[in-house]
Each structure stands twice: as C-alpha cells, then as structure tokens.
Amino acid sequence: MLTPSPLMRLVSGFWSFKTFAAAVELDLFTRLSGGKSITVGKAAAELGLAERPADLLFAACASLGLLERDGDGYRNSALAEEFLVAGKPYYFGGQVRYCDRRTYLAWHRVGDALRTDRPLTWDPDTQESMFETEDPQLLALFWEAMYSTSIFTARALGEAYDFGAHSRLLDVGGGSGAYPIELCRRYPALRATVFDLPHVVPIAAEKAAAAQLTDRIDTVAGNFLHDEGLPSGYDVMLFSMILHDWDEPTNRDLLAKSYAALPSGGAVVISELLLNADRTGPASAALMGMNMLVETVGGRNYSETEYTDWLTDAGFVDPHVVHFDAPGANGVVVARKP
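Numbering of the sequence shown is given in the UniProt record's numbering, commencing with residue 1 and proceeding in unit increments.
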C-alpha cells in the first residue's frame with residue numbers, strides 16, 4: 001500500500017543532521033575513542049547535560065548507526081570510530097562542523113535562491129567568489145571541511161584509477177592538498193603540485209609538511225580563472241570537486257587550458273559527484289547541485305555525458321568514466337590528449 005512514510009522521512013531529514021552535528025559539536029565520538037563505553041548517567045555528567053537530553057541524544061545516535069549498545073552503556077560504532085574521532089587520518093568532523101555553521105542556516109532560505117538565482121552564503125555584489133571572506137575562523141573551517149571530505153575521496157580515487165602511469169600531477173584548485181597527499185602515499189613514484197590562490201597554497205604546503213611529503217609535493221600560486229594558461233610540465237591534471245563550482249563556459253575554458261598545457265599522451269581527470277545521463281540522480285549528485293545553487297553564482301552538478309562532450313570538444317580522446325563510492329565523488333571522467 002502506498003503511504004506517505006517516504007515523505008515523512010524527507011520532512012524529518014534535518015532531525016538526523018542536527019542530531020549528528022550536535023554530537024560532533026560535543027566531541028562525543030572523540031570522547032568515546034578506543035573502545036570506551038559510557039552510561040547515559042556518566043555521559044550526562046561529563047558533557048554537562050541533564051539526564052533526559054543525554055538519554056535522547058544517545059538513543060538517536062544509536063538509531064543513526066553512530067553508537068552501539070554495550071551492556072548498560074554505549075560505545076562508538078565502527079563508522080564513528082573510523083571517521084568521527086578527531087586526529088584520525090580520515091576524520092570527517094570538519095565537514096559536519098562546516099555544514100552546520102555555514103550552509104545549514106542558508107538552506108533555510110533555499111526558496112530565495114530558487115527565485116533569485118543568487119547564492120545565499122556570500123554576496124556576489126561585494127565579493128569575487130564564495131572563497132573570499134574576512135572571517136579567518138570561517139575560512140579555516142572551510143578548508144578543514146574540504147580536507148576531511150577530500151582525503152578519503154582521494155583514497156578511493158587512488159584505488160579506482162591507476163596514477164602509476166603518470167609521473168607528475170597538477171591538482172588544479174587543489175586547496176589544502178588532500179589529493180596529492182593521498183595519491184603520493186599510494187604511488188611512490190608520483191610527484192605532485194597544488195595550483196591554487198596565493199592565500200591558499202600555504203595551507204597545502206603545511207599539510208604536505210605534516211605528511212612528510214615536501215620532497216614530492218610542492219605548490220604554485222595562481223588563479224585558474226584569470227591566468228592565461230595553466231602551468232605546464234605535468235602529464236596528468238586533476239580537477240577534483242572544482243568544475244561543479246562554475247558554469248559551462250567557464251568549465252569549457254578550463255578544459256581548453258588543460259589541453260593546451262598537457263603534453264601528447266597526457267591525461268585529464270575530473271573527479272565529481274556525477275549525475276546520470278538523464279539527470280534523475282543519484283541523489284548525492286543532484287542534491288549537491290542544489291547546494292551549488294545556495295553557494296555559487298553559476299555552479300551545478302553535471303552529468304558524465306556533459307563532461308565527456310566537453311572533453312571531446314576540447315580535443316581530448318578516449319573519454320571514459322570510472323565509478324567509485326566516496327563522500328566527495330562517485331566517479332571520475334578520464335580522457336587523454338592525443
């Protein structure tokens with residue numbers, strides 16, 4: 001029998017997120033790291049909560065697969081222990097905190113974005129892009145979020161596509177350097193460069209130093225939108241969660257710049273949440289497209305067919321899609337310069 005239960009799950013979706021975000025804000029999962037088990041009463045005392053809200057929070061987190069019962073108490077689930085304990089390699093808390101503080105309230109006005117076709121998290125009349133802010137805490141939170149999403153996505157990419165066929169990688173708009181770090185760890189012969197804005201590349205340099213990869217990862221400052229071309233001397237160029245920020249003409253221009261800078265036989269790799277050909281899903285890609293409405297002027301999530309067409313029009317050959325499962329991408333579109 002058809003029921004409105006699926007609609008109720010949509011209606012209450014924000015309950016799950018805000019419960020999750022509150023637990024991260026309380027550092028709940030970090031407190032329970034290493035197999036620690038805690039009762040509701042003890043947790044209430046440690047967290048500074050009354051017993052009732054602590055009980056409701058723990059039950060809700062267990063229902064979401066974030067906690068498990070352990071006798072009279074609770075402990076982290078395997079998912080929480082792996083990705084929600086601060087300091088672990090693939091800590092995902094940065095993305096949770098960023099969405100909670102930056103985009104959640106903006107999404108309350110998504111109807112305004114639909115009616116005006118203008119972003120809600122920044123003002124395009126006074127700022128050049130969503131990446132421009134005078135708030136250093138917000139900027140730090142943004143890069144923490146991007147790193148926490150990208151580092152595991154880079155791991156999945158490295159398993160799905162063989163970067164061992166390449167020697168020098170240019171990560172265009174590489175941000176905090178998560179992709180080069182993870183790919184260089186997996187492929188010992190690979191060297192990589194993060195190409196990004198002057199105020200961003202020091203973040204990537206710091207991350208590379210922390211990963212002890214400064215001998216293989218360097219940075220180049222520039223602006224891929226305004227510079228006449230992209231740096232040359234690389235046999236593979238990566239656009240990871242970049243092209244969804246911009247409109248079609250901008251993306252076509254970026255792929256043309258990539259083609260011009262690559263040598264014969266060089267490859268371009270586009271890592272994104274890809275829509276299917278008829279633009280009906282998957283939901284992760286389609287809803288990220290809605291987030292681009294909230295966060296960007298012209299961005300949207302594109303289908304693998306659109307990327308394939310743009311690459312072919314730019315002169316690339318043998319475009320193909322490699323699918324995988326990760327928080328920041330569900331696949332890559334790869335093509336090479338003849």
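A virtual CB, placed ideally from N, CA and C, is assigned to each residue, including glycine.
Checklist entry - For the stretch 167–207, which segments carrying the alpha helix (DSSP H) assignment without a break, of at least 4 residues, lie completely within its bounds, in sequence order? => result Within the stretch 167–207, complete alpha helix (DSSP H) segments of at least 4 residues are found at 178–186, given in chain order.
Next on the checklist: Just to confirm the assignment, what range does the beta strand (DSSP E) spanning Pro319 have?
Outcome noted: Its beta strand (DSSP E) spans residues Val317 to His323.
Item to check | Runs of beta strand (DSSP E) lying entirely within the stretch 246–296, each at least 3 residues, in chain order | outcome: Complete beta strand (DSSP E) runs here, min 3: 267–272.
Checklist entry - Under 8 Å, do Thr103 and Thr126 count as touching if we go by C-beta distance? => result No, Cβ-Cβ distance for Thr103 and Thr126 is not below 8 Å.
Item to check | Validate contact between the stretch 110–121 and the stretch 70–78 using beta carbons, cut 8 Å, 3 pairs | outcome: Here the stretch 110–121 makes no contact with the stretch 70–78; the two share fewer than three CB pairs at distances below 8 Å.
Item to check | Contact check, Val322 vs Ala160, beta carbons under 8 Å | outcome: Taking 8 Å as the Cβ cut-off, Val322 and Ala160 qualify as a contacting pair.
Checklist entry - Among Pro327, Glu304 and Ala326, which residue has its Cα nearest to the Cα of Val334? => result Relative to the Cα of Val334, the nearest Cα in the group Pro327, Glu304 and Ala326 belongs to Glu304.
Item to check | CB-CB length for Leu183 against Leu169, believed under 8 Å | outcome: Correct: roughly 7 Å between the Cβ atoms.
Checklist entry - Do the CB positions of residue 339 and Asp171 come within less than 8 Å of each other? => result Lying outside 1 to 338, the shown extent of the chain, residue 339 is not represented and no answer is given.
Checklist entry - Which residue comes first and which comes last in the beta strand (DSSP E) that contains residue 360? => result Within the shown structure, residues of the chain are numbered from 1 to 338, placing residue 360 beyond reach of any answer.
Item to check | Runs of alpha helix (DSSP H) lying entirely within the stretch 82–120, each at least 4 residues, in chain order | outcome: Every unbroken stretch of the alpha helix (DSSP H) spanning 4 or more residues and falling wholly within the stretch 82–120 is given here in chain order: 93–98, 104–107 and 110–116.
Next on the checklist: Between which residues of its own chain and Ser16 is the CB-CB distance below 7 Å, once the five residues before and five after are set aside?
Outcome noted: Here Ser16 has Leu64 as same chain residues with Cβ atoms under 7 Å from its own Cβ, once five neighbours each way along the sequence are excluded.
Item to check | Within 8 Å, strictly: CB atoms of Met292 and His226 | outcome: Contact: no.
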